[in-house]
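Trainee: In the working numbering, the protein residues as written are 4 to 63. Think of the CB as a built atom: it goes at the ideal place given N, C-alpha and C, for glycine as much as any other residue. The structure under discussion is supplied below as structure tokens; questions concerning it will follow.
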């Protein structure tokens, strides 16, 4: 899943193998000097979800 997200693709759900949808999430706090780019991956079939920090390539 991590390799697909880092490559710019949308992964399949690990539970039911359906292609997940993604939504960008705005992040960071004003005045702290950083901005996180996160994506919320959602499975339309089983409703499983995961949030990824795109720059780090890690799941939150």
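Check for me: the beta strand (DSSP E) holding residue 26 runs from which residue to which?
Mentor: Its beta strand (DSSP E) spans residues 24-28.
Trainee: Here's the rule: buried if 16 or more other CB atoms are within 10 angstroms of the residue's CB, otherwise exposed. What is residue 16?
Mentor: Burial call: buried.
Trainee: Tell me the DSSP secondary structure of residue 58 in three-state form.
Mentor: Note: residue 58 maps to coil in three-state DSSP.
Trainee: Give me the DSSP bridge partner(s) of residue 41.
Mentor: Per DSSP, 28 and 56.
Trainee: Count the other C-beta atoms from every protein chain shown that fall within 10 angstroms of the C-beta of residue 46, then say buried if there are 16 or more, exposed otherwise.
Mentor: So residue 46 ends up on the buried side.
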